[in-house]
Structure formats: C-alpha cells, structure tokens
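In what follows, a structure is listed as structure tokens, so that the remarks can point back to it.
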Amino acid sequence: MEKRIDAVGKQCPMPVILAKKALEETPEGGTVTVVVDNDIAVQNLSKLAVQKQYGFVSRETGKNTYEVRMTVGTADKEQTAEETGKRTDNIRERTGDTVVVLSSDKMGEGDEVLGKMLMKGFVFALTQLDQKPDRMLLFNNGAKLSCEGSDALKDLKTLEEGGTEILTCGTCLNHYGLEEQLAVGEVTNMYMIAETMMQASQIIKP
Amino acid sequence: MSEENIVFCKSGGCTAKLGPGVLEHVLSRLPKKKDDNLLIGFDHVDDAAVYRLSDDLAVVQTLDFFPPMVEDPYIFGQIAAANALSDIYAMGGTVKTALNIVCFPEKMDLNILGEILLGGNSKVQEAGGTLAGGHSIADEDVKYGLSVMGTIHPGRVYANNGVREGDILLLTKPLGVGIVLAANQMKAASAAAYEQAVNSMTTLNKYAAEILSGYEVHGCTDVTGFGFLKHLDEMIEEQYTAEIDSSQIPYIEDAARYADEFYLTAAGQRNRNSVGSDVWFSDVPFWMEEILFDPQTSGGLLAGIRPEDAQSALGKLKKLGLPCAAVGRITKRREKKILVY
Chain A
1 MEKRIDAVGK QCPMPVILAK KALEETPEGG TVTVVVDNDI AVQNLSKLAV QKQYGFVSRE
61 TGKNTYEVRM TVGTADKEQT AEETGKRTDN IRERTGDTVV VLSSDKMGEG DEVLGKMLMK
121 GFVFALTQLD QKPDRMLLFN NGAKLSCEGS DALKDLKTLE EGGTEILTCG TCLNHYGLEE
181 QLAVGEVTNM YMIAETMMQA SQIIKP
Chain B
1 MSEENIVFCK SGGCTAKLGP GVLEHVLSRL PKKKDDNLLI GFDHVDDAAV YRLSDDLAVV
61 QTLDFFPPMV EDPYIFGQIA AANALSDIYA MGGTVKTALN IVCFPEKMDL NILGEILLGG
121 NSKVQEAGGT LAGGHSIADE DVKYGLSVMG TIHPGRVYAN NGVREGDILL LTKPLGVGIV
181 LAANQMKAAS AAAYEQAVNS MTTLNKYAAE ILSGYEVHGC TDVTGFGFLK HLDEMIEEQY
241 TAEIDSSQIP YIEDAARYAD EFYLTAAGQR NRNSVGSDVW FSDVPFWMEE ILFDPQTSGG
301 LLAGIRPEDA QSALGKLKKL GLPCAAVGRI TKRREKKILV Y
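Heads up: the protein sequence lines correspond to chains A and B, in order.
Numbering (full-length UniProt numbering) for the first sequence: 1 to 206.
Numbering (full-length UniProt numbering) for the second sequence: 1 to 341.
Structural data, given as structure tokens:
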C-alpha cells in the first residue's frame with residue numbers, strides 16, 4: 001500500500017498534517033511518500049516520524065524538491081533504506097545520529113603501543129569516510145584523545161571542521177587533570193552522553 | 001469564507017520572520033559606524049535602537065510589520081500595532097509617535113485597508129501615542145505595521161542582556177500563539193483557543209511594562225517570532241545559565257494538544273535549529289519543547305528581576321488578567337546556556 005502526497009508550494013503545517021492524516025489511514029507496513037519544497041518541512045516531517053515511530057527516509061530529488069518516505073508500524077527501515085539505497089545519493093536517515101564512542105585511547109586488547117597506533121589510524125580512517133559520524137563521545141582514557149599532545153588531535157579537528165560534534169566527558173578531564181588541555185570540541189556530561197547514546201541510530205565502538 | 005479572505009490570510013504574523021541564523025549572517029557583514037550616543041544599535045541583539053539626545057533624554061526607535069495571521073482586518077491591525085509598540089515597552093520607554101507601514105494590493109477592497117488602519121490606530125491611541133503619518137506600497141500581499149518613536153531616560157534603558165545570577169525570569173503572556181494560529185489556519189483550533197490567542201496578541205505590553213517599572217529590571221525583551229527560547233538565549237551572557245521550570249510556563253491550554261497533533265510552523269523548526277544546541281531538555285514532553293520554540297506574534301515581556309521582588313511583581317501582573325508566571329532563574333554557567341526541566 002503506497003500513497004503519494006504532493007505538498008510542493010504548501011506551507012507548514014500543511015505538509016505534516018496531510019502526511020499525518022494519510023499515515024493514520026495507512027495499515028501496518030504501508031508507506032506514504034510526501035514531496036515538499038523545503039528542508040524545514042522535511043525536518044518537521046521527521047519530528048512526526050520520531051514521535052509516531054514511523055520509518056523515515058528522505059532524499060533531495062532536485063533543486064528545492066525533497067521526497068520523504070514514511071513507513072507505518074515497526075519502522076521497516078532496512079527495507080526502505082535498501083530500496084532508496086538503489087536510487088543512490090543524498091539519502092539521509094533522519095531518525096538518529098551515527099555516534100562514535102571512544103572509551104579508550106587504545107584500540108583493542110593487547111600491546112599498548114600497537115593499541116595507540118591503531119586508535120590513531122581509526123580516527124584518521126573516519127576522516128576519510130564519505131559519511132562521517134554525526135557525533136563522537138570521548139570518555140575515560142578516550143578523553144585524552146581530544147587533549148593537547150594527542151596523536152589523534154589533528155584528525156579530530158578535521159572531523160570537527162567537517163561537521164562532526166566532538167564531545168569529551170568533563171568528569172574524565174577533571175579526573176586526569178586535563179581540563180585546561182582540551183583542544184578540540186566541547187565538554188559534555190553524563191546526561192548528554194546517555195541521551196546521545198539513547199537517541200543514536202547506530203553506535204560505533206572500535 | 002470568500003476567496004478574498006483566503007488570499008488575505010497566508011501564514012502571517014511573526015512566523016513570517018526571516019530565520020535568526022540567516023539574519024545574523026547578513027547583519028554581521030554590515031560596516032558599523034561608531035557613535036557614542038547610540039546606546040543600543042544592532043551590534044546588540046536588542047528590540048529597538050536607543051539614541052541619547054541629552055543626559056536625561058533618549059529616543060527609542062523601532063519598526064515592525066508583517067502579513068496577516070487572522071481573517072479579521074481590524075483585529076489584524078490591532079495585533080500588528082500592539083506587536084510594533086511592544087518593542088518600545090521592552091526597552092522601558094514611553095510611546096510618542098507612530099507611522100503606518102502599509103503594503104496593499106491595488107485590486108483589493110479598500111474597506112479592508114480602512115479596517116486595518118482603524119485597528120492599528122486604536123492601539124496607538126491606547127498606548128498614549130499619536131499616529132503621525134505613514135507610507136503605502138502597492139504589493140501582491142497585505143502587510144501592515146508601524147514605525148514607532150518613544151522616549152526614555154538614558155540611564156533607565158532595559159538592555160536585553162543585563163540579567164545576573166539569582167534573577168527571577170517573569171513572562172507576562174502565555175506561549176503557544178503560533179501553534180494555535182497554525183491549527184486555526186487548518187480549521188482545527190477551538191473557538192476558545194483562538195479567542196485566547198487573539199486576546200493575548202491584542203493586549204498591549206504597556207500595562208506589564210508599567211508594573212515592571214516599579215522594580216529593578218535587569219534585563220527585558222519581548223517574546224516574538226524567534227520564540228521563547230531564542231529570545232531567552234539572547235538575554236543570557238556567557239557567565240550565566242537560565243534554568244527554566246517548564247511546569248511554570250504559561251501557555252494557551254489547547255496549544256499542547258495541537259503541538260502533539262503536529263500543527264507546527266516552519267518558523268518554530270527554524271528556531272529549534274537556531275538555538276536547540278544551547279538548550280538541554282530534561283524530561284520535557286515533545287509538545288512543551290514545541291511551545292518553547294513556538295514563534296509568538298505580539299508576545300509578552302520576558303524580564304529578569306531581583307528574587308526579592310518577584311512575588312510582588314508577579315502578584316500585580318496576574319491582576320492584568322493574562323496567564324503569566326515566574327518561569328525560571330539565572331544561575332552561574334552550567335553545562336548549557338539554557339536548562340529546561
């Protein structure tokens with residue numbers, strides 16, 4: 001079951017209300033596709049999807065044209081993502097962020113020197129990805145990565161310039177006496193860490 | 001409803017404002033001339049310009065205009081005027097003269113324009129000011145507002161950002177006006193909610209300002225298109241945090257339901273994008289978040305006053321009849337600029 005709503009030229013709240021009504025009449029698993037002409041309308045539609053737990057995929061199909069595909073029920077996101085994936089570029093899952101969690105300055109168990117080298121390599125590799133993480137959470141020994149003297153500092157700064165939010169645990173900086181040494185991103189607290197993790201669409205932990 | 005009325009009322013009011021992000025970007029590029037008598041200009045994020053003429057006299061200048069957000073042209077005129085006059089009150093000034101700003105389609109019934117101007121004039125008179133002229137342009141859509149001049153003592157100007165630790169934040173009108181208007185546009189608002197919104201929008205901030213003038217006001221702004229949180233954000237200096245108790249926020253009751261039904265404006269989302277990263281919400285329901293980002297047309301005053309004055313000032317404000325409350329306090333800077341719990 002598939003419905004299509006053309007909301008081009010319609011101002012908020014119209015696109016969202018039309019989508020909401022259509023989705024309420026759509027059975028489990030059915031989809032509603034809404035075409036809108038501005039990014040703010042896409043964002044308002046994404047709020048509807050988050051609150052009602054609809055699957056949500058949006059893509060920019062042209063200049064000032066956005067197609068938003070919403071799926072009713074258990075948000076069969078994989079399927080929708082896969083389908084739209086075939087239609088290539090500009091796909092944005094809006095339901096949550098990709099969050100990278102660094103809880104250590106070493107990657108993996110084993111030799112310490114190797115672990116630190118691998119972590120530096122991992123952060124560099126992130127800078128080379130097409131899709132960069134939305135946020136990075138650094139805590140415990142991981143907090144040392146964003147401080148002066150860290151091997152990964154340059155790459156973290158590159159990520160930040162590219163739009164990735166770098167958040168370092170304040171308690172950890174205090175514990176290691178590094179509060180004056182933070183060289184990239186912002187200080188965060190446990191509430192933010194917990195909320196960011198809860199709302200993430202995927203958490204990457206090397 | 002006639003065809004003409006539908007054209008008359010697009011998405012109007014302060015929701016028609018350019019987004020704060022866009023605006024900051026453009027304004028920051030303008031060269032600035034330094035004049036020591038310009039006490040408040042747009043290097044501040046304030047509501048109006050204040051220019052000192054002598055040691056005990058300054059003029060306050062402001063202008064505001066927008067497209068209609070209600071069908072009744074007389075009420076639209078009243079709302080637009082109350083909204084424009086409000087900037088004078090947010091600075092602590094007294095209204096003196098006002099000039100009409102009019103955009104009106106050549107083919108539209110001139111009686112509609114007459115009603116708009118009558119409505120506007122009624123509010124200028126209520127403010128104790130005089131309508132002294134204006135300027136009209138033929139345009140595709142209706143827009144109306146005022147350029148207002150007022151006076152103030154240069155030593156008693158309420159800057160936006162004068163709040164300090166311990167201050168209590170008072171809000172003098174209910175929030176949710178933008179959400180109710182969005183619902184009304186889709187014929188989903190109750191008569192009661194619409195009436196409460198209109199009553200709030202047509203109420204001059206004059207009376208609340210008069211009450212506040214009896215106290216030491218550390219910072220004051222009026223809550224309009226950028227919504228409660230963005231206007232609050234502009235009040236808070238680097239060393240402080242505003243702690244907001246969402247259970248105290250006055251709002252039009254039905255707006256909670258409309259927010260949950262997604263009668264949400266584009267401007268509300270732009271406000272969220274602009275200020276959302278400065279705000280930490282602790283266990284606040286979705287509808288309340290939306291109410292706090294909701295663009296207001298002719299919204300209330302938001303003022304920081306000393307804690308020992310808060311009860312007394314609030315008692316007097318409540319007698320004015322609109323929902324109002326002490327909504328939060330200023331603390332030393334914490335994790336975020338604004339904490340809402």
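Don't be surprised by glycine CBs; every beta carbon is placed ideally from N, CA and C.
Because the structure is a prediction, the values reported are computed rather than measured.
Suppose contacts are defined by Cβ-Cβ distances below 9 Å. Is residue i in contact with residue j by that definition?
i: leucine 137/A; j: threonine 188/A; result: yes
i: cysteine 169/A; j: alanine 266/B; result: no
i: glycine 304/B; j: leucine 322/B; result: no
i: leucine 212/B; j: alanine 313/B; result: yes
i: alanine 192/B; j: asparagine 184/B; result: no
i: residue 344/B; j: leucine 39/B; result: As displayed, chain B neither begins before 1 nor continues past 341, which places residue 344/B out of reach and without an answer.
i: threonine 297/B; j: valine 148/B; result: no
i: valine 340/B; j: glutamate 289/B; result: yes
i: aspartate 55/B; j: proline 154/B; result: yes
i: leucine 85/B; j: alanine 208/B; result: no
i: alanine 19/A; j: isoleucine 5/A; result: yes
i: lysine 123/B; j: threonine 241/B; result: no
i: threonine 172/B; j: glutamate 243/B; result: no
Closest Cβ-Cβ distance between residue i and chain B: below 9 Å?
i: tyrosine 191/A; result: yes
i: asparagine 64/A; result: no
i: leucine 48/A; result: yes
i: valine 57/A; result: no
i: threonine 168/A; result: no
i: cysteine 12/A; result: yes
i: lysine 20/A; result: yes
i: alanine 41/A; result: yes
i: isoleucine 17/A; result: yes
i: valine 35/A; result: no
i: valine 72/A; result: no
i: threonine 188/A; result: yes
i: glutamine 51/A; result: yes
Following the continuous beta strand (DSSP E) through residue i, name the residue where it begins and the one where it ends.
i: histidine 135/B; result: 130-138
i: lysine 21/A; result: Careful: lysine 21/A lies outside any beta strand (DSSP E), inside the alpha helix (DSSP H) at 14-24.
i: cysteine 169/A; result: 165-169
i: glutamine 196/B; result: No beta strand (DSSP E) holds glutamine 196/B; the alpha helix (DSSP H) holding it covers 191-202.
i: isoleucine 40/B; result: 38-40
i: glutamate 186/A; result: 186-188
Starting from residue i, follow its DSSP beta bridges and name the residues at the other end.
i: glycine 304/B; result: Leu169/B and Gly219/B
i: isoleucine 338/B; result: Ala242/B and Val279/B
i: serine 213/B; result: Serine 213/B pairs with nothing; no bridge assigned.
i: aspartate 6/A; result: Val35/A
i: aspartate 143/B; result: This sequence places lysine at residue 143/B; aspartate is not what is there. For lysine 143/B, which the question treats as bridged, DSSP gives the partners Cys103/B.
i: valine 68/A; result: Val34/A and Ser58/A
i: isoleucine 152/B; result: Ala58/B
i: aspartate 97/A; result: Ala200/A
i: threonine 97/B; result: Thr130/B and Met149/B
i: glycine 328/B; result: Leu169/B and Ile244/B
i: leucine 113/B; result: In DSSP, leucine 113/B forms no bridge with anything.
i: methionine 192/A; result: Note: methionine 192/A sits in no beta bridge, so no partner.
i: tyrosine 51/B; result: Leu38/B and Val59/B
Within 9 Å (strictly less), CB to CB, does residue i reach chain A?
i: glutamate 260/B; result: Here residue 260/B is aspartate; the residue named in the question, glutamate, does not match the sequence. It does; some Cβ of chain A falls within 9 Å.
i: glutamate 4/B; result: Interpretation of glutamate 4/B is limited by its pLDDT of 41, a score under 50 that renders its predicted location unreliable; the figure taken from the coordinates is listed afterwards. Not one chain A Cβ lies under 9 Å of glutamate 4/B.
i: alanine 197/B; result: no
i: residue 344/B; result: Outside the shown range of chain B (1 to 341) lies residue 344/B, about which nothing can therefore be said.
i: arginine 306/B; result: no
i: serine 247/B; result: no
i: methionine 186/B; result: yes
i: aspartate 269/B; result: Note that residue 269/B is glutamine in the sequence shown, not aspartate. Chain A contact via Cβ: present.
i: glutamate 335/B; result: yes
i: alanine 183/B; result: yes
i: phenylalanine 286/B; result: yes
i: proline 323/B; result: no
i: serine 190/B; result: no
Which residues mark the beginning and the end of the alpha helix (DSSP H) in which residue i is found?
i: aspartate 64/B; result: That residue, aspartate 64/B, is in no alpha helix (DSSP H); its beta strand (DSSP E) goes 57-66.
i: aspartate 254/B; result: 253-260
i: valine 123/A; result: 112-128
i: methionine 288/B; result: 286-293
i: glycine 77/B; result: 73-91
i: methionine 180/B; result: The sequence as given places valine at residue 180/B; methionine does not occur at that position. Counting along the chain, the alpha helix (DSSP H) containing valine 180/B begins and ends at 177-185.
i: leucine 229/B; result: 227-235
(message) Measuring CB atoms only, is the segment 215-234 of chain B touching the segment 136-152 of chain B, in the sense that at least three cross pairs come out at less than 8 Å?
(response) no
(request) For the segment 100-108 of chain A and the segment 127-144 of chain A, state whether three or more C-beta atom pairs, one from each stretch, are separated by less than 8 Å. (result) yes
(request) Count the CB pairs spanning the segment 123-134 of chain B and the segment 90-103 of chain B that are closer than 8 Å, and state whether there are at least three. (result) yes
(message) Assess contact between the segment 163-180 of chain A and the segment 23-35 of chain B, defined as three or more Cβ pairs (one per stretch) separated by less than 8 Å. Is contact present?
(response) no
(request) Decide if the segment 24-44 of chain A is in contact with the segment 58-71 of chain A; the criterion is three or more beta carbon pairs, one per stretch, under 8 Å apart. (result) yes
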